[in-house]
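Visitor: So the protein sequences, as listed, match chains G and F.
If you use the working numbering, the first sequence corresponds to residues 1 to 366, in order.
If you use the working numbering, the second sequence corresponds to residues 1001 to 1398, in order.
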Amino acid sequence: MRTGKSIWRSLALAGLAGVWIGGLAEADIRSDQAASILIYPKIVTDTSLDTVIQVSNSSLEPVILHCFYIDANSHCSVSGGVCDPQDEQPCPSPGDLCLPGWVETDFRVVLTGRQPLAWKASQGLADDDIPLDGVTQVGPTGQSNAGTRVPPVAEEQFLGELKCIVVDENENAIPRNVVTGAATIVDTSGADLDVEKYNAIGIQGIQGDANGDRILELGSERQEYNGCPNVLIVNHFFDFAENPANGDPVVSDLTLVPCNQDLLNQVPGAGTAQYLVFNEFEQRLSTSTPIQCFFERQLSRIDTRNPLRSIFSVFVQGTLVGQTRIRGVGTGFLGLLRQESGQRTAAVNVNMEGSRAPAFDQIVLP
Amino acid sequence: MLTRRRQVGLLGLAAACVWLAGTAGADVRTERSGSILVFPKVFSDASAGIDTIIQLTNTSNSVVRAHCFYVNAGLTDPSAPPGPDNPRLWQEVDFDILLTRQQPTYWLVSEGRQVNPLDPPCKPGKQDCFNAGFDPGRVPPVVPNFTGELKCIQVDESGAPLNGNSLKGEATIVRDGDIATYSALAILGAEGGANNGDGTLVLGGGQCALDGAICKSDADCGESGPCLQEYNACPGTWILTHLADGAPNPAIPPVGSTESQVFTELTVAPCTEDFETQIPTRVTLQFQTWNEFESQFSVSTTVDCWATFRLEEVGSLALTFDGQDDVPNLPLGTMFLQTRIRSAGGTPVGVLLVAEEQHTDAQLSPNTAWAAANLHIEGERPTPDIIRIPGEQLESPF
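#1: According to a CB-to-CB cut-off of less than 8 Å, which residues of the stretch 322-334 of chain G neighbour chain F?
#2: Using a beta-carbon distance below 9 Å, is L1375(F) in contact with chain G?
#3: What would DSSP say about Q317(G), mapped onto helix, strand or coil?
#4: Can you pull the chain F neighbours of S31(G), defined as C-beta to C-beta under 8 Å?
#5: Run down chain B in chain order and give the residues with a C-beta less than 8 Å from the C-beta of K42(G).
#6: Determine which residues of the stretch 298-324 of chain G have a Cβ less than 8 Å from any Cβ of chain F, and write them out in chain order.
#7: For the stretch 1165-1172 of chain F and the stretch 1123-1137 of chain F, state whether three or more C-beta atom pairs, one from each stretch, are separated by less than 8 Å.
#8: Classify S1047(F) as helix, strand or coil using the three-state DSSP reduction.
#9: For Q317(G), count the other beta carbons within 10 Å of its own beta carbon; 16 or more makes it buried, fewer makes it exposed. Which is it?
#10: Could you work out which residue in S341(G), V167(G), G328(G) and L193(G) is closest to C67(G) when comparing CA atoms only?
#11: Given a threshold of 16 other Cβ atoms within 10 Å of its Cβ, counted over all protein chains shown, does S1047(F) qualify as buried or as exposed?
#12: Looking at chain F, which residues of the stretch 333-355 of chain G have a Cβ within less than 8 Å of any of its Cβ atoms?
#13: When you compare the stretch 1067-1087 of chain F with the stretch 1204-1211 of chain F, are there three or more beta-carbon pairs, one atom per stretch, that lie closer than 8 Å?
#14: Do you know whose CA, among S355(G), R344(G), D361(G) and V321(G), lies nearest G330(G)'s CA?
#15: Out of P1040(F), L1185(F), C1271(F) and S1166(F), state which residue places its alpha-carbon closest to the alpha-carbon of T1383(F).
#16: So F1293(F) is in the beta strand (DSSP E); what residue range does that whole segment cover?
#17: What is the C-beta distance between V350(G) and L337(G), in whole angstroms, given that I count them as a contact (C-beta under 8 Å)?
#18: Who are the neighbours of G139(G) on chain F, taking C-beta pairs under 9 Å?
#19: So A182(G) contacts chain F; which residues on that side make the cut at Cβ distance below 8 Å?
#20: Within a Cβ cutoff of 7 Å, which residues of the same chain sit near P151(G), ignoring the five residues on either side of it in sequence?
#21: Which residue wins for smallest C-alpha separation from D1176(F), given the options T1200(F), S1044(F), D1304(F) and R1113(F)?
#22: Could you tell me whether any Cβ in chain F is nearer than 9 Å to the Cβ of L193(G)?
#23: Per DSSP, which residues does A191(G) bridge with? Please list them.
#24: Quick check: the Cα distance between V1349(F) and V277(G), rounded to an integer number of angstroms?
#25: With contact counted as at least three CB pairs below 8 Å, one residue from each stretch, are the stretch 132-152 of chain G and the stretch 178-198 of chain G in contact?
#26: Spell out whether any CB of chain G is found under 9 Å from the CB atom of E1357(F).
#27: When you compare the CB of W1306(F) with every CB in chain G, is at least one pair closer than 9 Å?
#28: Can you give me the C-alpha to C-alpha distance between T1100(F) and S220(G), rounded to a whole angstrom?
#29: So with Cβ pairs under 9 Å, would you call T1147(F) a contact of chain G?
#30: Which whole-angstrom value describes the C-beta separation of Q1286(F) and Q1296(F), a residue pair presumed to lie in contact below a C-beta threshold of 8 Å?
#31: Identify, in the order they occur along the chain, each residue of the same chain with its Cβ nearer than 8 Å to the Cβ of N1061(F), setting aside the five sequence neighbours on each side.
#32: Just checking: is the beta-carbon of Q143(G) within a distance shorter than 9 Å of some beta-carbon in chain F?
#33: I'd like to know if S74(G) contacts chain F, where contact means its C-beta is closer than 9 Å to some C-beta of that chain.
#34: For V314(G), I'd like the list of residues in its chain whose CB is within less than 6 Å of its CB, leaving aside the five on either flank, ordered along the chain.
#35: What separation, rounded to the nearest whole angstrom, lies between the Cα atoms of D1274(F) and R1388(F)?
#36: Which value, in whole angstroms, describes the spacing of the CA atoms of G1391(F) and G1199(F)?
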């Protein structure tokens, strides 16, 4: 049992710690609470790959969303096909350069009170699929989804992001923290069915775009929206480690999207991601990558084209698991981790810590 | 012993800090570090090829210690369904871990982790370097066929609970080759709180400074105040957006007229737990569900100690795809639902939830895949939840 002396000392220390903790700014971007802006960092479709997008209104009043698909596919300069600048899907000929792309498509969704709505990214939501069309069907209180139409993603092979912003009837972004979301990625290409699910990342509104300039400031003194986190924290197995439960090799993919985005001028967010990687010996290694628009890469390909020599490789780190802390320079980042064990995968939301204040990020709306 | 004057001075300082720095909030989080980590769903069953990998990380630059509890919620008779004649065991095993600054660690629950500084590190050609790295301490293996939860509480070097908010974790449930990962639920130490370090952990409140009475605010303490806030409150409502049980996954193509199926398995662990008396907590859960046509229905169920069940087992047709059109006053059924879950008004404890989806395709020999998901939360419990730890377990092992 504790002595009276140690209790008094703990009280005083805890009180002092309280002042210190209380003085720290908090990152209030959350994947576990309703918000005014939802970000799905990874939407993917292909021949036998699709993403089921779920969005839900946690309030009793209807809510209008202005959503943007951001197509982050790279394309070959001559043949026009989708390619991967990391050479995992190269262009057919040497002179056919793989050029990065960034194209947005926007649409509107109206959710009635407490309504869940979902669609396949490859199909969208056409008239026949809309539950309460406002003509033949309305909700018990007269609310409807009239005005909703979700297009399919722009390409059959799609990789990118979805962003949904709560707006009013005049398209002004407003601070109603009432929407939640999740995405389920389904892969039917292999011998085994594979499903992974993650929560959309929510940015809570404070005053919304109160000045009506269609520039949404995240974490600024204008108090429009909460700020992006200062650090993303990822727990992961180092690539090529053996799954201790079944011996399957484990690799992980990291997806990062910048908080800064100019959807009006089609200028993708850009910045640098700084990585600090800790292993189970408390040893620290670091690397960095410039990021524009959208970033998805196997961990052990972040710092090298020879994954076996990567600081994310189990052979370099010496232990099975690690902690990676990612800090954005020039923009905040939001992220998602996907673990692959054998042929099966699991997605997991990453932890977020701190605030970028006094730096802030902007989403510029068209 | 401290002099009376110094005691009063320290108490005054602590009280002032509490007053300046705030109160407990509703911040059980899945993407922030916390002072109490809860893994509500931990499974191990060698015969079924099921095991769980626990990942735990110290996100601070200081050494972090934690006191952890496995709570075995297996049935007294595993071959029979749960019920009054077949209660859950609710048996806890505790252990301590220590993590150096920023140190990640892991263990497989069926094996635990031994302290062996000679575990060989990984190197080219040797990727099965299990347990390499600084061992966090002796982690016991769970009993065979374990079902239950894991709870880790950050403590100081004397073994007293501490509001450090330095722990984050994930659990990966491995079923043969398949994996499903969820984030541990992190209960944050109250912002600016002054945890008194005893074995009574108050979630959503604290203890009066002079007499240790449970309090929600200073007003509850009167002259015994202030109320020293300890941990943030358990959520008031959990929000689950899901497919009706048995509904097809729209992204899995049917085979002929056979559709795929999705079932959601919900796991419930109580916020209030008494490890001193080992008396399991009983809670009544209210489910309120809305479908895509904005139709609403509700159902409730009672959970003793801990539970994991498919939504269809709650007893409402409206939570199942087949039953959607059979529910009175439900004009049209839909695939997707929003379900809001909370403790019933008369139940004085909150709950912690995690969900897993089981997707089965339409092949002749069906394939199954699992995906875990953390739920969304809203609001906070109006009354504090309490975790009681036996005093001797708080003696420093470090």
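For glycine and all other residues, C-beta sits at the position ideal for the given N, C-alpha and C.
Guide: Per the coordinate set shown:
#1: Only G322, Q323 and R325 from the stretch 322-334 of chain G bring a Cβ to less than 8 Å from some Cβ of chain F.
#2: One-based indexing of the second sequence puts residue 1375(F) at position 375. It does: the Cβ of L1375(F) has a partner Cβ on chain G nearer than 9 Å.
#3: By one-based count along the first sequence, residue 317(G) stands at place 317. Reduced to three states, the DSSP call for Q317(G) is helix.
#4: What you label residue 31(G) is simply residue 31 of the first sequence in a count that begins at 1. Under the 8 Å cutoff, chain F gives T1030, E1031 and N1374.
#5: Of the protein chains in the structure, G and F, none is chain B.
#6: Cβ contacts with chain F: L308, V314, F315, Q317, G318, T319, L320, V321, G322 and Q323.
#7: No: the two stretches stay apart, fewer than three of their Cβ pairs being nearer than 8 Å.
#8: Here residue 1047(F) corresponds to residue number 47 of the second sequence, with the count starting at 1. The answer is helix: DSSP assigns S1047(F) an H, G or I state.
#9: The residue you call residue 317(G) lines up with position 317 of the first sequence. Buried.
#10: In the first sequence, residue 67(G) corresponds to position 67, counting from 1. Among S341(G), V167(G), G328(G) and L193(G), the Cα nearest to that of C67(G) belongs to V167(G).
#11: As a position in the second sequence, residue 1047(F) is number 47, starting the count at 1. Around the beta carbon of S1047(F), a 10 Å sphere encloses fewer than 16 other beta carbons of the protein chains shown; the residue is thus reported as exposed.
#12: Per Cβ criterion, the list reads Q339, S341, G342, Q343, R344, T345, A346, A347, V348, N349, V350, N351, M352 and E353.
#13: No, the stretch 1067-1087 of chain F does not touch the stretch 1204-1211 of chain F.
#14: Within the first sequence, the letter at position 330 stands for residue 330(G). G330(G) has its Cα closest to that of D361(G), out of S355(G), R344(G), D361(G) and V321(G).
#15: Translated into positions along the second sequence, residue 1383(F) becomes position 383. From the listed residues P1040(F), L1185(F), C1271(F) and S1166(F), the smallest Cα separation to T1383(F) is found for C1271(F).
#16: Counting from one through the second sequence, the residue named residue 1293(F) turns up at place 293. If you look at F1293(F), you'll find it isn't in any beta strand (DSSP E); DSSP assigns it neither H nor E.
#17: In the first sequence, residue 350(G) corresponds to position 350, counting from 1. In the first sequence, residue 337(G) corresponds to position 337, counting from 1. Between L337(G) and V350(G) the Cβ distance is about 6 Å, and since that is below 8 Å, they are a contact.
#18: Against the first sequence, residue 139(G) aligns to sequence position 139. Chain F residues near G139(G): F1293, E1294 and S1295.
#19: Taking the first sequence and counting its residues from 1, the one referred to as residue 182(G) is at position 182. Neighbourhood of A182(G) in chain F, by CB distance below 8 Å: T1241 and A1373, in chain order.
#20: For the purposes of this step, residue 151(G) is taken as the residue at position 151 of the first sequence. Counting only Cβ-Cβ distances below 7 Å, and skipping sequence neighbours, we find T105, F107 and G124.
#21: The residue given as residue 1176(F) occupies position 176 in the second sequence. Looking at the Cα atoms, S1044(F) is the closest of the given residues.
#22: Residue numbering aside, residue 193(G) sits at position 193 when the first sequence is read from its first letter. Closer than 9 Å: yes.
#23: On the first sequence, position 191 is the one that residue 191(G) refers to. Its beta-bridge partners do not exist; DSSP assigns none.
#24: Counting from 1 along the second sequence, the entry for residue 1349(F) is found at position 349. Counting from 1 along the first sequence, the entry for residue 277(G) is found at position 277. Rounded to the nearest angstrom, the two C-alpha atoms are 40 Å apart.
#25: Note that the stretch 132-152 of chain G does not touch the stretch 178-198 of chain G; fewer than 3 beta-carbon pairs, one per stretch, sit closer than 8 Å.
#26: As a working note, residue 1357(F) is residue 357 in the second sequence. Judged by the 9 Å Cβ criterion, E1357(F) is in contact with chain G.
#27: By one-based count along the second sequence, residue 1306(F) stands at place 306. Taking Cβ atoms only, chain G never reaches closer than 9 Å to W1306(F), which makes this a no.
#28: The count along the second sequence starts at 1 and reaches residue 1100(F) at position 100. The count along the first sequence starts at 1 and reaches residue 220(G) at position 220. If you take the alpha carbons of T1100(F) and S220(G), they lie about 35 Å apart.
#29: Residue mapping note: residue 1147(F) aligns to position 147 of the second sequence, counting from 1. No - not a single Cβ of chain G is within 9 Å of the one on T1147(F).
#30: For the purposes of this step, residue 1286(F) is taken as the residue at position 286 of the second sequence. For the purposes of this step, residue 1296(F) is taken as the residue at position 296 of the second sequence. Taking a contact as a CB-CB distance under 8 Å, the pair Q1286(F) and Q1296(F) does not count as one, their CB atoms being some 13 Å apart.
#31: Taking the second sequence and counting its residues from 1, one reaches residue 1061(F) at position 61. Within the same chain, N1061(F) has close Cβ partners R1101 and Q1102.
#32: Taking the first sequence and counting its residues from 1, one reaches residue 143(G) at position 143. Between Q143(G) and chain F, the shortest Cβ-Cβ separation is below 9 Å.
#33: The residue labelled residue 74(G) in the question sits at position 74 within the first sequence. No - not a single Cβ of chain F is within 9 Å of the one on S74(G).
#34: For the purposes of this step, residue 314(G) is identified with residue 314 of the first sequence, where counting begins at 1. Cβ-Cβ distances below 6 Å link V314(G) to F238, F240 and A241 in the same chain, with the five nearest sequence neighbours on each side left out; the list follows chain order.
#35: Here residue 1274(F) is taken as the residue at index 274 of the second sequence, counted from 1. Here residue 1388(F) is taken as the residue at index 388 of the second sequence, counted from 1. Taking the Cα positions, D1274(F) is about 5 Å away from R1388(F).
#36: Indexing the second sequence from 1 puts residue 1391(F) at position 391. Indexing the second sequence from 1 puts residue 1199(F) at position 199. Going by the C-alpha atoms only, they are around 6 Å apart.
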